[in-house]
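2 protein chains.
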Amino acid sequence: MVTITDVAKAAGVSRSTVSRVLNNRPGVSPETRKRVLQAIEELQYQPHFAAQALKRQRAESIAIIVQNSFREKTGDEPRGYYNTEIVRGAFNVCTERRYTVTLLNDEGTFEFYASLFRRRQFDGIVLVHVDVDLRLVEELKTTGFPLVVVGSVPDPFVNSVDVDNYGSAQQVVRYLVGQGHRRIAIINGPPQRLASRDRRAGFRTMMRQFGLPLPEVYDQPGDFSTRSGYEAMNRLLNVPEPPTAVFAINDRMAIGALRAVHDAGKQVPDDISVVGFDDIPVAQYLNPPLTTVRQPLYELGEAAAHLLFDILEGRVSSPARVVLSASLVERSSVKPLATSSMLSE
Amino acid sequence: MVTITDVAKAAGVSRSTVSRVLNNRPGVSPETRKRVLQAIEELQYQPHFAAQALKRQRAESIAIIVQNSFREKTGDEPRGYYNTEIVRGAFNVCTERRYTVTLLNDEGTFEFYASLFRRRQFDGIVLVHVDVDLRLVEELKTTGFPLVVVGSVPDPFVNSVDVDNYGSAQQVVRYLVGQGHRRIAIINGPPQRLASRDRRAGFRTMMRQFGLPLPEVYDQPGDFSTRSGYEAMNRLLNVPEPPTAVFAINDRMAIGALRAVHDAGKQVPDDISVVGFDDIPVAQYLNPPLTTVRQPLYELGEAAAHLLFDILEGRVSSPARVVLSASLVERSSVKPLATSSMLSE
DNA sequence: CCTCTGGTTGGAATCGATTCCAACTCTTGC
DNA sequence: GCAAGAGTTGGAATCGATTCCAACCAGAGG
């Protein structure tokens, strides 16, 4: 293996000089610089990464902690895709900066991660927060290690990148009302998840703004699972005056809702409209193709990496928060009602 | 940051002794060992990874090169899933060994990868070979760097882990014949891909073994795209004596074939049976759910990592080849024919 | 009582880069 | 002709671990 000493010998200079050339430092005469560069080229020299990391006290590497997706053996959880997109976004940004990316699963204990930091293996962490134990986030925060969380964390002192759940839910209401719907129900997610609460809050605020009714039976509980969506829709179909549109706050519950309508011998969207949230890959293959809110997953990943670099390089002071907006994807699960909208928009 | 010197001071011993304890080397008295372990515990000491890598001349890290999936912005290519599974398998094996995994995309030039190796950043590479440029494999091979390729590479001097394409195709024929089919067509992949050739060869051998006809019109070209599957199926439907079953050698072409049958006003499996290959996630959601061959993607990843470690640790001499068998997943796209099979199996 | 052996332990060199500081050369100006 | 200063360059220390070698000690055996 060729080292800096070999280059120095070949160019007839000292190692210090080679290092100076390597790092574009001033104080090397043009001729010497040229000679060194030539030697580097000829010997195909590349600095030993460990030697550099040791001396510079920087690993030039970041870690991405994702849930399960690289650990569990069963592979049909939509989460896999969800995470993959975010990772891709972060990965590409890091690659551009010539930083290395290491994937970690979230099954490690805090102690496991802490040991990696103490080993100085990474300069920072991106934690993809989907159902991740909040305690882990809190513990990681205490280490003072540069950390960016992707997702909705209640703690305002953690750096985070998130999608605009509140605004997106409002957009869904605006869209449905624009299509002439007035009796709109919601199927909620687990209330302990901030994302659920934000989507519900956005929904309710906008409904109130339109002066639309919010009966309690239209506010169905759910837990993000297909099954819970199925059950919630069944309850909604049995209400004396059923809604004309249902907003399931994630796609899996929307899938369950679709199935419930079908099993009840009715049609989506003819008898009832359904909107989801996430735009998971199967959404477009459903029957009917699902109208839903597309989360900018790739962009979330990119934003997380950018934020981390901003923090590492001191361009941003630490408790920072970035919010990206999502976009409504119109497919065929919503039917415009005959009663035309009374809205300007 | 706490270093080995701090531990040595705290325990009242030399750094050499701490290092010996750290690496479970003999020649340390039980009492001293205990004292050192206690100091390590109290100080939460972890060795600096770069210092170790530098001295040991081992990075304890491997690289996985995957195609595109972490680079392209469009996310609905099935390849993403394909790679994710393989990566998960390899990742878990590496994590068990406390090795770090770094993902690289295949867009780098050979020079880019070579520079990483020369930087000694990785101890070995797993290259996930789906459509990857063979030249890259050849170039990497010349560096002498430990390399394992996942997929079908023609070069027998490259370490590889692959699925048994030949045997799986034979299994498909056996299954279809067992269901009473005799007029079976195949939709091929690009002939420059070894996997295509192997699947075709397995198919033809088994057909011949059953004494079944192999008319040229039953041997349709394709290029793995949905569109090519659609077109091939259209051609097959217009043959004077159309096949009763069609084997598309990947799922995307099978999807195209399904669509072609539907567009021709016919039914799968009532009018014609279809078998795919891969078992991509949507396969189960298709109409009808697709009978296909499941590639053991996760297991391929695991096997690749195991093989790499075997090579690194000298348990296996270098040109090694591991073949895993795939399994047929029966769904609803194949119909048993009335004429019962004359076969024992 | 002295030597030899085996078990412990510390000292120093080493891995490959970076960087501070000192030394050197060459102008420039008096 | 010599001092001052700028521009180059090399030497040596350093990052944090590992490992060879030498030194030390205790107990066994002569």
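Quick mapping for you: the protein sequence lines, in order, are chains U and Z. If you read the first sequence in the numbering used here, its first letter stands for residue 1, the second for the next number, and so on. If you read the second sequence in the numbering used here, its first letter stands for residue 1001, the second for the next number, and so on. All C-beta atoms, glycine included, are put in the ideal place defined by N, C-alpha and C. Just so it is clear, the structure is predicted and the values come from calculations on it, not from any experiment.
(message) For a quick check, are the C-beta atoms of U:Y285 and Z:V1282 less than 8 Å apart?
(response) Indexing the first sequence from 1 puts residue 285 of chain U at position 285. Indexing the second sequence from 1 puts residue 1282 of chain Z at position 282. Contact: yes.
(message) Going by DSSP, what residue range makes up the beta strand (DSSP E) through Z:V1126?
(response) If you number the second sequence from 1, residue 1126 of chain Z lands on position 126. Here the beta strand (DSSP E) through Z:V1126 covers G1124 to V1128.
(request) Give the C-beta separation of Z:V1329 and Z:R1294 to the nearest angstrom, bearing in mind that I take them to be a contact with Cβ-Cβ under 8 Å. (result) Sequence index remark: in the second sequence, residue 1329 of chain Z carries index 329 (1-based). Sequence index remark: in the second sequence, residue 1294 of chain Z carries index 294 (1-based). Between Z:R1294 and Z:V1329 the Cβ distance is about 5 Å, and since that is below 8 Å, they are a contact.
(message) Are the CB atoms of Z:R1033 and U:Q44 within a distance shorter than 8 Å?
(response) Your numbering for residue 44 of chain U matches position 44 in the first sequence. Your numbering for residue 1033 of chain Z matches position 33 in the second sequence. Cβ atoms of U:Q44 and Z:R1033: not closer than 8 Å.
(request) Indicate the three-state DSSP secondary structure (helix, strand or coil) for U:A245 in the structure shown. (result) Residue 245 of chain U sits at position 245 when you count from the first residue of the first sequence. In the structure shown, U:A245 sits in a strand (DSSP, three-state: E or B).
(message) Are the CB atoms of U:I272 and U:P296 within a distance shorter than 8 Å?
(response) Looking up residue 296 of chain U in the first sequence gives position 296. Looking up residue 272 of chain U in the first sequence gives position 272. No. Outside cutoff.
(request) Please confirm if U:A59 has its CB atom under 8 Å from at least one CB of chain Z. (result) Locating residue 59 of chain U in the first sequence gives position 59, counting from the first residue. Yes - at least one Cβ of chain Z is within 8 Å of the one on U:A59.
(message) Using only the alpha-carbon positions, how far apart do Z:A1059 and Z:T1100 sit?
(response) Locating residue 1059 of chain Z in the second sequence gives position 59, counting from the first residue. Locating residue 1100 of chain Z in the second sequence gives position 100, counting from the first residue. So the alpha carbons of these two residues sit roughly 9 Å apart.
(request) Please name the residue or residues paired with Z:T1100 in a DSSP beta bridge. (result) One-based indexing of the second sequence puts residue 1100 of chain Z at position 100. Note: Z:T1100 sits in a beta bridge opposite Z:S1061.
(request) Return helix, strand or coil for U:I187, following the three-state DSSP convention. (result) Here residue 187 of chain U refers to the residue found at position 187 of the first sequence. Correct three-state label for U:I187: strand.
(message) Quick check on this structure: which residue in U:G229, U:P221, U:R98 and U:V274 has the alpha carbon closest to the alpha carbon of U:L176?
(response) The residue given as residue 176 of chain U occupies position 176 in the first sequence. When each option's Cα is compared against that of U:L176, the closest is U:V274.
(request) Could you check what DSSP says for Z:L1308 in three-state terms: helix, strand or coil? (result) As a working note, residue 1308 of chain Z is residue 308 in the second sequence. If DSSP states are grouped into helix, strand and coil, Z:L1308 belongs with the helices.
(request) Anything in the stretch 274-299 of chain U with a Cβ closer than 7 Å to a Cβ of chain Z? List those residues in chain order, please. (result) P281, V282, Y285 and Y298
(request) Check the Cβ of U:R118 against every Cβ in chain Z and list those closer than 7 Å, keeping chain order. (result) Position 118 of the first sequence, counted from the start, is the residue given in the question as residue 118 of chain U. Near U:R118 (Cβ distances below 7 Å), the residues of chain Z are Q1044 and Q1046.
(request) Show which residues of chain Z have a CB atom less than 7 Å away from the CB atom of U:T32. (result) The residue given as residue 32 of chain U occupies position 32 in the first sequence. Near U:T32 there are no residues of chain Z at all, since even the closest Cβ is about 23 Å away, more than 7 Å.
(request) Show which residues of chain Z have a CB atom less than 8 Å away from the CB atom of U:L54. (result) In the first sequence, the residue the question calls residue 54 of chain U occupies position 54. Neighbours of U:L54 on chain Z, chain order: H1048, A1050, A1051 and L1054.
(message) Cutting at 7 Å between CB atoms, please list the residues of its own chain near U:H262, excluding the five before and the five after it.
(response) By 1-based counting over the first sequence, the position of residue 262 of chain U is 262. Excluding residues within five positions, none has a Cβ falling inside 7 Å.
(message) Only counting the same chain, and skipping five residues up and downstream in sequence, which positions put a Cβ closer than 7 Å to that of U:R88?
(response) In the first sequence, residue 88 of chain U corresponds to position 88, counting from 1. These residues qualify, in order along the chain: Y298 and G301.
(message) Quick check on U:R120: does DSSP put it in helix, strand or coil?
(response) Locating residue 120 of chain U in the first sequence gives position 120, where the first residue counts as 1. The answer is coil: DSSP assigns U:R120 none of H, G, I, E or B.
(message) So with CB distances below 8 Å, who are the chain U contacts of Z:S1115?
(response) Numbered from 1 along the second sequence, position 115 holds the residue referred to as residue 1115 of chain Z. In chain order: Q46.
(request) Identify the continuous alpha helix (DSSP H) that holds Z:V1172 and give its terminal residues. (result) Position 172 of the second sequence, counted from the start, is the residue given in the question as residue 1172 of chain Z. Taken as a continuous stretch (DSSP letters only), the alpha helix (DSSP H) holding Z:V1172 covers N1165 to G1178.
(message) Does the stretch 1169-1188 of chain Z come into contact with the stretch 1200-1215 of chain Z, if we say contact requires no fewer than three beta-carbon pairs (one atom in each stretch) closer than 8 Å?
(response) yes
(request) Verify the CB distance criterion: does U:F91 have a CB-CB separation below 8 Å to chain Z? (result) As a working note, residue 91 of chain U is residue 91 in the first sequence. At least one chain Z Cβ lies under 8 Å of U:F91.
(request) Kindly indicate which three-state DSSP category U:N23 falls into: helix, strand or coil? (result) Mapped onto the first sequence, residue 23 of chain U falls at position 23. Here DSSP, grouped into helix, strand and coil, assigns U:N23 to coil.
(message) Let me confirm a value: Z:M1233 is counted as buried when at least 16 other C-beta atoms fall within 10 Å, else exposed. Which label applies?
(response) Taking the first residue of the second sequence as 1, we reach residue 1233 of chain Z at position 233. Answer is buried; the Cβ neighbour count reaches 16.
(message) The alpha helix (DSSP H) that contains U:L328, what's its start and end?
(response) Position 328 of the first sequence, counted from the first residue, corresponds to residue 328 of chain U. Taken as a continuous stretch (DSSP letters only), U:L328 belongs to no alpha helix (DSSP H), being part of the beta strand (DSSP E) at S327 to V329.
(request) Measuring only between beta-carbons, confirm whether U:Q171 sits less than 8 Å from chain Z. (result) To locate residue 171 of chain U, count along the first sequence from 1; it is residue 171. With 8 Å as the cut-off, U:Q171 does not count as an interface residue toward chain Z.
(message) With distance defined between alpha-carbon atoms, name the residue in Z:V1153, Z:R1199, Z:L1147 and Z:F1309 nearest to Z:Q1170.
(response) The residue labelled residue 1170 of chain Z in the question sits at position 170 within the second sequence. Looking at the Cα atoms, Z:R1199 is the closest of the given residues.
(request) Please report how far the alpha carbon of Z:S1333 lies from the alpha carbon of Z:P1288, in whole angstroms. (result) As a working note, residue 1333 of chain Z is residue 333 in the second sequence. As a working note, residue 1288 of chain Z is residue 288 in the second sequence. Roughly 6 Å separates the two Cα atoms.
(message) Between Z:I1064 and Z:A1090, how many whole angstroms is the CB-CB distance? I'm expecting something under 8 Å.
(response) For the purposes of this step, residue 1064 of chain Z is taken as the residue at position 64 of the second sequence. For the purposes of this step, residue 1090 of chain Z is taken as the residue at position 90 of the second sequence. So it is a contact: roughly 6 Å between Cβ atoms.
(request) Step through the CB atoms of chain U and report whether any lies within less than 8 Å of the CB of Z:L1324. (result) If you number the second sequence from 1, residue 1324 of chain Z lands on position 324. By this cut-off, Z:L1324 is not an interface position.
(message) Rounded to the nearest angstrom, what separates U:I186 and U:A248 at their Cα positions?
(response) Within the first sequence, numbered from 1, the residue matching residue 186 of chain U stands at position 186. Within the first sequence, numbered from 1, the residue matching residue 248 of chain U stands at position 248. The alpha-carbon atoms of U:I186 and U:A248 are separated by roughly 6 Å.
(message) Buried or exposed for Z:G1314, going by 16 or more other Cβ atoms inside 10 Å?
(response) Counted from its first residue, the second sequence places residue 1314 of chain Z at position 314. Exposed, because fewer than 16 other Cβ atoms sit within 10 Å of the Cβ of Z:G1314.
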